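If you're matching positions, the sequence shown starts at 14 in our numbering and goes up one per residue.
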Amino acid sequence: MRFGLLLGGLFIPAAASGQSYQPQFSNYPVAERYHGRQAAPKLVRGTAAWLFRTRIREAAQGKPNFAGHYIAATWGCGAECLSSAIIDVKTGTVYFNDVSTCCWFSAPAATPTEDFEPIRFRLNSRLIIFTGLLGEAGRNGAHYFRFEHGRLIAIR
Numbered sequence: 014m015r016f017g018l019l020l021g022g023l024f025i026p027a028a029a030s031g032q033s034y035q036p037q038f039s040n041y042p043v044a045e046r047y048h049g050r051q052a053a054p055k056l057v058r059g060t061a062a063w064l065f066r067t068r069i070r071e072a073a074q075g076k077p078n079f080a081g082h083y084i085a086a087t088w089g090c091g092a093e094c095l096s097s098a099i100i101d102v103k104t105g106t107v108y109f110n111d112v113s114t115c116c117w118f119s120a121p122a123a124t125p126t127e128d129f130e131p132i133r134f135r136l137n138s139r140l141i142i143f144t145g146l147l148g149e150a151g152r153n154g155a156h157y158f159r160f161e162h163g164r165l166i167a168i169r
């Protein structure tokens with residue numbers, strides 16, 4: 014199964030101080046954290062998730078790390094490039110992100126520090142932040158999405 018990126022024109026107005034709005038993890042809380050038995054990922058032949066089944070199965074061995082009951086799995090797809098999928102540990106559904114993120118150290122918002130993560134997410138939040146170019150095109154910087162009903166919806 015796939016999840017789509019909705020890259021529509023949803024923009025948040027700048028604050029009165031003139032600074033641009035930067036979504037925070039605390040703005041997108043989750044009400045539920047799952048502690049039950051984890052379902053195995055559902056991997057269907059012929060889907061994009063099937064092509065990355067080894068990475069997805071490895072990630073599914075871990076504990077939820079995103080939005081209460083999901084595992085955000087990431088893996089390299091080249092030099093300075095990451096792909097990802099989101100696994101629902103309650104149902105085993107795999108939401109595959111068909112857009113990679115790359116080139117983050119050339120992004121204006123990136124700071125090459127030791128703890129830098131090009132894809133950031135939290136267990137207690139539906140916010141996920143990709144830094145760099147999405148699909149090797151467009152604006153190079155931070156891209157904010159909220160995860161809702163199996164889809165990533167652009168915030169800004």
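Quick reminder that beta carbons are idealized off the backbone N, C-alpha and C, glycines included.
Just so you know, these numbers come straight off a predicted model, no measurement behind them.
Taking 7 Å as the cut-off, the beta carbon of LEU64 is found no closer than this to the beta carbon of VAL112.
The beta carbon of PHE134 lies closer than 6 Å to those of PHE79, ALA85 and ILE141 in the same chain, with the five residues before and after it left out. Between ASN137 and GLY145, the beta carbon gap of about 24 Å keeps them out of contact (Cβ cut-off 8 Å). In the DSSP assignment, ALA150 falls within the unbroken beta strand (DSSP E) covering 150–161. Counting every other CB atom within 10 Å of its CB across the protein chains shown gives SER97 a total of 16 or more, marking it as buried.
As for any beta strand (DSSP E) of minimum length 3 sitting wholly inside the region 75–124, the runs are 83–91, 94–101 and 107–115, ordered along the chain. Bounds of the alpha helix (DSSP H) holding LEU64 are 61–64. Distance from the Cα of GLU149 is smallest, within the candidate group THR114, ARG164 and PHE158, for THR114. One Cα belongs to TRP117, the other to THR126, and the distance between them is close to 12 Å. Residue state for SER33 is assigned as coil, using DSSP reduced to three classes.
Cβ-Cβ distances below 7 Å link TYR157 to PRO36, LEU140, ILE142, ILE168 and ARG169 in the same chain, with the five nearest sequence neighbours on each side left out; the list follows chain order. Its chain contains LYS103 as the residues whose beta carbon lies nearer than 8 Å to that of GLY49, once the 5 sequence neighbours on both sides are disregarded; these appear in chain order.
Contact between LEU95 and ILE132 holds: their C-beta atoms lie close to 6 Å from each other, under 8 Å. Short of 7 Å from the beta carbon of ILE100, and not among the five residues preceding or following it, lie these beta carbons of its own chain, in chain order: PRO54, ILE69, ALA72, ALA73, TYR83, ILE84, ALA86 and VAL107.
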